[in-house]
Structure formats: C-alpha cells, structure tokens
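Protein sequences appear in the order of chains A and B.
Those letters in the first sequence? Residues 13 to 133, by the numbering used here.
Those letters in the second sequence? Residues 849 to 1032, by the numbering used here.
Heads up, the beta-carbon is just placed ideally off N, CA and C, and yes, glycines get one too.
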Amino acid sequence: MKSLEELRALREKMRSQTDNRSVAADGETVIKVGMATCGIAAGARPVLEALLDEAEKRRLHNVSISQTGCIGMCRLEPIVEVFRDGQKYTYVYMTPEKARRVVAEHVVNGNVCTEFLIGEN
Amino acid sequence: MRELALNILDITENSVSAGAHLIEIDVLADFAKDEMAIRIRDDGCGMDEQMLATVCDPFTTTRTTRKVGMGLPLFKFSAESAGGIFSIRSEKGKGTEVVATYRIGHVDRMPLGDFGGVVLQLVTMNPQVDFVFTAQSGETTGKLDTRELREILGEDIPLGAPEVRSFLREYIQENLVDIFGGRL
Ligand SMILES: Nc1ncnc2c1ncn2[C@@H]1O[C@H](COP(=O)(O)OP(=O)(O)OP(=O)(O)O)[C@@H](O)[C@H]1O
Ligand SMILES: [Mg+2]
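In structure tokens, the structure reads:
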C-alpha cells in the first residue's frame, strides 16, 4: 500500500525537475465549475474531473481550473464558465465528454464550442 | 443526490463558504451494529439560533441568487429515510457540526459512492482550507490530515499539483478499500 514516505520522495523528485510543461495559448484561461447543491446534483463532479484530467494529460500550463458557488441558473447545471481574452463563455448542460471537447477545441485551439453555449439549446 | 459522498461534498462546501480554516470529516461504520455515521465539523462563521432553527426548512437561505437552500434538507432526508437521525449544532463565530446517521442495511440508504473522489477534490481544490478525514470500520481507522501533507510538501509544492494529485488519488483509494472494502 502507498505510504506518505512516497510523497516525500515525490517532493524531492519534483524539486529537482525543471518545469517543462507547455503553454496553452497566449494569456491565461480561467475555467470555473459551479459546485453548489444544484451543480453537484446535476453531475458537476465528473465534469470537473474531466477538465482536470484533460488539462493534466495535455500539460496545459496557462489554465486555471477552480470551483464556484451557485451561478443562479440551476436548471442549466452543470455549468462551466470559461474566461479568456477578456470574454466570458458560459457552457451549460455539461457532461464529461462535452467538457473534454471544450478543452480540446476552445482552450487549446481557440474554437468556441458554440453548440454548448447558453442560449444555443 | 444519488451518493452520500455527494451530500458530504455539498455540506462541506457550506463549511468552505463559511470561511472555515479547518474542516473535519468522519465516516464511521459499525457493521456489527448495522450503523454508520457521517460527521462534518468546521470552525467557520457559524449561525445564530434563529438561522439554525430555520436552516433545515428549504425556504431559508442567506443567498441572494436563489431563494431556496437545498443542501441541508437533502442531507437530513438521506438520514431520516434510512432509519437514521440528523442533527446540526452551530455557534455564531465558532463553527458548525452536522451529523447524519444511517442503518447500513436499510433499503433506502443511498450508497456511499465515490467518497475517495470527493476527498481528492476537497483536498486539491481548496488551498486555503485544511482538512482532517477519518474513515473507520470496526477496528480499522484511516486518517488523512492536509496539515501533515503540506508539511511534507513544503511551501513551494501545492496539493493540487498534477503529480501530487495522482499520488493522492491512489493513496486515498487504497486506504478506503482497505477500511470499507466496498461495503458501503
Ligand atoms: N457550515 C455552515 N456554517 C455557516 N453557515 C452555514 C453552514 N451550513 C449552512 N449554513 C447556512 O445555511 C444556509 C442553508 O444551507 P444549505 O446548504 O441548505 O443551502 P445553500 O448552501 O444556501 O444553497 P444550496 O442549495 O446551493 O446548498 C446557507 O446559505 C448558510 O447561510
Ligand atoms: Mg449548501
């Protein structure tokens, strides 16, 4: 079984490594997932997991992913907000699959997934 | 909610919003007695008596975006529909403690679900909060204290770093399997 000794070893390894993660795009992208009761009940947790997993796999350096409270549109949850180039994009009725597409298409390649945006469905 | 782990996440988000610095979360199972208990305790802003008296009534909330708070009523319902008891204690300026108990074998008891995933999410997504998790089944107890983890990692490596996150995912999962063995 894993022990905290391994965490100590991991720390030493991380300290000796230079940061070689690649950059997502110019400027930072901020992603927020609604994590109030309404979001959690609608499946926000797997959506957050998918975003973190995708960012980790792609070694996205310029992306910060965090949680937020109720966005005030409970019927449209899970909701993911993407802040980029001074603009806010609100993705609604998210699933883990849609979240992975948002990372691949919007965050990495700069193509907004218009079909998932609020008002499109 | 379809998993008690999601209720735990939701109730803990209340503690985070209440400005807690330390949040303790216990999941205690006694299979011989067919009982389990979930306890969430924080040192956040707390509630006054009037707020506390009405908080389990879904038409009370301090929120401005929407009128009805559902988190506590749903957690209460999860316990009371599975032969258990719900209780909440709070003191303004001191903190809050929420406890829910269950009959493990009750037909309407929801499964614990992905508690390990919830622990991982809480630990890695809340850099400003410390957590102590206790999982207990009979003689076996497991504890995870983020203060201990932070001490090992030092100031420069956050708990949310991808490498740390993947270590913690396995560490938490292995320990939970060892303690509950998928029986909850
Ligand atoms: N641990 C806590 N510390 C301080 N206040 C709390 C705590 N838990 C709940 N409260 C108060 O009780 C209210 C009701 O909580 P509840 O979780 O039921 O609904 P909510 O958080 O307002 O909305 P949601 O339905 O999104 O959870 C909160 O808005 C908050 O004011
Ligand atoms: Mg709540």
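Exposed or buried, what is residue i when buried is set at 16 or more other beta-carbons lying within 10 Å of its beta-carbon?
| i | result |
| --- | --- |
| arginine 33 of chain A | Annotation note: pLDDT 48 at arginine 33 of chain A (below 50); position unreliable, no value reported. |
| alanine 36 of chain A | Unreliable positioning characterises alanine 36 of chain A in this predicted model, as indicated by a pLDDT of 41, which lies under 50. A coordinate reading is not provided. |
| glutamine 969 of chain B | buried |
| asparagine 121 of chain A | exposed |
| phenylalanine 1015 of chain B | buried |
| arginine 57 of chain A | buried |
| lysine 924 of chain B | buried |
| threonine 126 of chain A | exposed |
| glycine 986 of chain B | exposed |
| glycine 953 of chain B | exposed |
| leucine 878 of chain B | For the record, residue 878 of chain B in the displayed sequence is aspartate; it is not leucine. Exposed. |
| aspartate 896 of chain B | exposed |
| methionine 13 of chain A | exposed |
| glycine 39 of chain A | exposed |
| aspartate 1004 of chain B | exposed |
| glycine 1029 of chain B | exposed |
| glutamate 17 of chain A | exposed |
| arginine 23 of chain A | buried |
| glutamate 132 of chain A | exposed |
| glutamate 861 of chain B | buried |
Find the residues of chain B that neighbour residue i, judging by a C-beta separation of less than 9 Å, and give them in chain order.
| i | result |
| --- | --- |
| isoleucine 52 of chain A | Met849, Leu854, Asn855, Leu857, Asp858, Glu861 and Gly919 |
| alanine 116 of chain A | Correct list: empty, because the minimum Cβ distance to chain B is about 18 Å. |
| isoleucine 68 of chain A | Note that residue 68 of chain A corresponds to glutamate in the displayed sequence, not to isoleucine. The contacting residues are Pro1010, Arg1013 and Ser1014. |
Pull up the CB-CB distance for residue i and residue j, whole angstroms please, since I reckon it's below 8 Å.
| i | j | result |
| --- | --- | --- |
| valine 1012 of chain B | threonine 994 of chain B | That pair is no contact at about 11 Å. |
| serine 78 of chain A | lysine 44 of chain A | 6 Å |
| leucine 857 of chain B | isoleucine 52 of chain A | 6 Å |
| isoleucine 933 of chain B | threonine 988 of chain B | Actually they do not touch by this definition, with Cβ atoms about 24 Å apart. |
| alanine 885 of chain B | threonine 949 of chain B | 5 Å |
| aspartate 956 of chain B | serine 929 of chain B | 5 Å |
| valine 119 of chain A | valine 59 of chain A | Incorrect: roughly 14 Å between the Cβ atoms, too far for contact. |
| valine 114 of chain A | tyrosine 105 of chain A | That belief does not hold up - the Cβ atoms of valine 114 of chain A and tyrosine 105 of chain A are roughly 12 Å apart, past 8 Å. |
| leucine 852 of chain B | methionine 958 of chain B | 5 Å |
| valine 967 of chain B | leucine 992 of chain B | 7 Å |
| isoleucine 1000 of chain B | arginine 20 of chain A | 5 Å |
List, in order along the chain, the chain A residues whose C-beta lies closer than 8 Å to that of residue i?
| i | result |
| --- | --- |
| phenylalanine 1015 of chain B | Lys14, Glu18, Leu19 and Leu22 |
| isoleucine 1000 of chain B | Leu16, Leu19, Arg20 and Arg23 |
| glycine 965 of chain B | Arg57 and Glu61 |
| aspartate 1026 of chain B | Met13 |
| leucine 997 of chain B | Leu16 and Leu19 |
Residue i versus chain A: which residues are under 7 Å apart at the beta carbon?
| i | result |
| --- | --- |
| glutamine 898 of chain B | The premise fails here: glutamine 898 of chain B is roughly 22 Å from chain A at the closest Cβ pair, so nothing lies under 7 Å. |
| isoleucine 1005 of chain B | Arg23 and Met26 |
| methionine 958 of chain B | Going along chain A, no residue has its Cβ under 7 Å from methionine 958 of chain B, so there is no contact; the nearest lies around 12 Å. |
| tyrosine 1019 of chain B | Lys14 |
| methionine 895 of chain B | In chain order: nothing, as chain A lies at least about 17 Å away. |
| glutamine 976 of chain B | Those do not exist, as glutamine 976 of chain B stays about 12 Å from chain A at its closest Cβ, beyond 7 Å. |
| glutamine 984 of chain B | By Cβ distance, chain A contributes nothing, its closest Cβ being about 17 Å from glutamine 984 of chain B, past 7 Å. |
Considering only the alpha carbon of each residue, which of the options lies closest to residue i?
| i | options | result |
| --- | --- | --- |
| aspartate 97 of chain A | A:Val42, A:Val115, A:Arg113 and A:Met26 | A:Val42 |
| glycine 941 of chain B | B:Asp890, B:Leu920, B:Ala927 and B:Gln984 | B:Asp890 |
| glutamate 12 of chain A | B:Ala1009, B:Ile1020, B:Gly1030 and B:Leu1032 | Past the boundaries of the shown model lies residue 12 of chain A; chain A is included only from 13 to 133, so the question cannot be answered. |
| glycine 919 of chain B | A:Glu132, A:Gly55, A:Thr49 and A:Glu17 | A:Thr49 |
| alanine 111 of chain A | A:Pro90, A:Lys100 and A:Phe95 | A:Pro90 |
| valine 864 of chain B | B:Arg887, B:Asp1004, B:Gly892 and B:Arg850 | B:Gly892 |
| glycine 964 of chain B | B:Val977, B:Leu1001 and B:Ile1020 | B:Ile1020 |
| serine 938 of chain B | B:Leu900, B:Cys904, B:Val947 and B:Arg951 | B:Leu900 |
| phenylalanine 979 of chain B | B:Glu872, B:Gln898, B:Lys881 and B:Arg998 | B:Glu872 |
| valine 1025 of chain B | B:Gln984, B:Leu997 and B:Asn855 | B:Gln984 |
| valine 869 of chain B | B:Lys991, B:Val977, B:Val903 and B:Thr902 | For the sequence presented, residue 869 of chain B should be read as histidine rather than valine. Closest option to histidine 869 of chain B, Cα to Cα, is B:Val977. |
| methionine 931 of chain B | B:Leu992, B:Glu883, B:Val967 and B:Glu1022 | Correcting the residue type first, residue 931 of chain B is glycine in the shown sequence and not methionine. Nearest C-alpha to glycine 931 of chain B: B:Glu883. |
| arginine 87 of chain A | A:Glu117, A:Ser28, A:Ala54 and A:Ala116 | A:Ala54 |
| glutamate 66 of chain A | A:Lys100, A:Asn123, A:Phe128 and A:Glu117 | A:Glu117 |
| asparagine 855 of chain B | B:Leu1007, B:Gly990, B:Ser926 and B:Gln898 | B:Ser926 |
Between residue i and chain E, is the shortest Cβ-Cβ distance under 8 Å, so that the two count as touching?
| i | result |
| --- | --- |
| valine 947 of chain B | Chain labels in this structure do not include chain E; the protein chains are A and B. |
Taking C-beta pairs closer than 7 Å, name the residues in chain B that residue i reaches, listed in chain order.
| i | result |
| --- | --- |
| methionine 106 of chain A | Chain B residues near methionine 106 of chain A: none, gap ~16 Å exceeds 7 Å. |
So with CB distances below 9 Å, who are the chain A contacts of residue i?
| i | result |
| --- | --- |
| glutamate 1022 of chain B | Met13 and Lys14 |
| valine 1012 of chain B | Leu19, Leu22, Arg23 and Met26 |
| methionine 884 of chain B | Here the premise fails: no neighbours, minimum Cβ distance about 21 Å. |
| leucine 922 of chain B | Thr49 and Ala53 |
Kindly list, in the order they appear in chain B, the residues whose Cβ is closer than 8 Å to that of residue i.
| i | result |
| --- | --- |
| threonine 41 of chain A | Those do not exist, as threonine 41 of chain A stays about 16 Å from chain B at its closest Cβ, beyond 8 Å. |
Where are the beta strand (DSSP E) runs, 3 residues long or more, that stay fully inside the segment 41 to 96 of chain A, in chain order? 41 to 46, 75 to 80 and 92 to 96
TODO: Report the residue ranges of all beta strand (DSSP E) runs contained in full by the segment 947 to 996 of chain B; include only those spanning at least 3 residues, in chain order.
DONE: Listed in chain order, they are 978 to 985 and 988 to 993.
Taking only runs of the alpha helix (DSSP H) that begin and end inside the segment 857 to 924 of chain B, which ones reach a length of at least 4 residues, in chain order?
897 to 902
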